[in-house]
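>
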Amino acid sequence: MIRPFSFSDLDSLLQIEGQSFPKSPYDWTTFLNLHDLYPKTFLVYVDTNQNQTKEALWGYIIFTLDGHIISIAVHPQHRREGIGTRLLQRATKTPYLQKVWAEVRRSNQGAQAFYSQMGFQMTGWVKNYYGNEDALIFQWSPDPQEF
Ligand SMILES: CC(C)(COP(=O)(O)OP(=O)(O)OC[C@H]1O[C@@H](n2cnc3c(N)ncnc32)[C@H](O)[C@@H]1OP(=O)(O)O)[C@@H](O)C(=O)NCCC(=O)NCCS
């Protein structure tokens, strides 16, 4: 299930963050600030047990109202299960968005493959965006017939 982030998610989310972005993880203040800014588009993917009494958080996405993916990550043990796709579709299926885009480290070939198979195209790059590493810009636009 995908639902909005709540404060009780923070510990699990920080663990995924540390494992997903070891070079530059966001800290808890950054996540709280992002939640202040984007409460409706800061979403988490959770699994519930059979009695629906306990939740496990396996992924999250944060995007701006104009389609900028600020961050997306899935727990390493639950990758390649379609969770990232479901989270990213929340952005690409937002009505009336003209485009959705994300920065990706040049070395992050997994994320590049992920965005490509979602129909994103590499439209440019920003030198040393991550200090000593370039960002590639991956962008998606809806089919004009959908408007
Ligand atoms: C990128 C990320 C969010 C993808 O999440 P995910 O849940 O594993 O993605 P999905 O299972 O929906 O993948 C869908 C498809 O994308 C492609 N894909 C995803 N990860 C891939 C990888 N590491 N290598 C090659 N292709 C990949 C595959 O085509 C995959 O379909 P398949 O599993 O049937 O072959 C996840 O790998 C992650 O958290 N990475 C670390 C954080 C990160 O890099 N975030 C993006 C920063 S811009």
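So for the sequence shown, my numbering puts the first residue at 9; every next one is plus one.
Where is the CB? At the ideal position from N, CA and C, for every residue including glycine.
Should SER14 be listed as close to ligand 3, given that the test is whether its C-beta is under 6 Å from any heavy atom?
Within the structure as shown, ligand 3 is missing, the only ligands being ligand 1.
> Give the straight-line distance between the Cα atoms of LEU51 and PHE146, rounded to the nearest whole angstrom.
Position 43 of the sequence shown, counted from the first residue, corresponds to residue 51. Position 138 of the sequence shown, counted from the first residue, corresponds to residue 146. Going by the C-alpha atoms only, they are around 21 Å apart.
> Per DSSP, what kind of secondary structure is HIS43 in: helix, strand or coil?
As a first step, residue 43 is located in the sequence shown; it is residue number 35 there, counting from the start. In this structure, HIS43 counts as helix in the three-state DSSP scheme.
> Check PRO12 in the structure and name its three-state DSSP category.
Here the question's residue 12 lines up with position 4 in the sequence shown. Strand at PRO12.
> Tell me the residue span of the beta strand (DSSP E) that contains GLN129.
On the sequence shown, position 121 is the one that residue 129 refers to. From DSSP, the beta strand (DSSP E) with GLN129 extends over 129-134.
> Using the C-alpha atoms, what's the distance from GLN60 back to ILE77?
Within the sequence shown, numbered from 1, the residue matching residue 77 stands at position 69. Within the sequence shown, numbered from 1, the residue matching residue 60 stands at position 52. Taking the straight line joining both Cα atoms gives about 30 Å.
> Taking all protein chains shown into account, decide if PHE71 is buried (16 or more other Cβ within 10 angstroms of its Cβ) or exposed.
Your numbering for residue 71 matches position 63 in the sequence shown. With 16 or more Cβ atoms within 10 Å of its Cβ, PHE71 is classed as buried.
> Quick one: give me the first and last residue of the alpha helix (DSSP H) that ARG94 is part of.
Within the sequence shown, residue 94 is the residue found at index 86, counting from 1. Unbroken alpha helix (DSSP H) run through ARG94: 91-100.
> For ligand 1, any of its heavy atoms closer than 6 Å to the Cβ of PHE122?
Taking the sequence shown and counting its residues from 1, the one referred to as residue 122 is at position 114. Because some heavy atom of ligand 1 lies under 6 Å away, the Cβ of PHE122 counts as near it: yes.
> Evaluate contact between the region 132-145 and the region 96-107, counting only Cβ atoms and requiring at least three cross-stretch pairs below 8 Å.
Judged by Cβ distances under 8 Å, the region 132-145 makes no contact with the region 96-107, as fewer than three pairs qualify.
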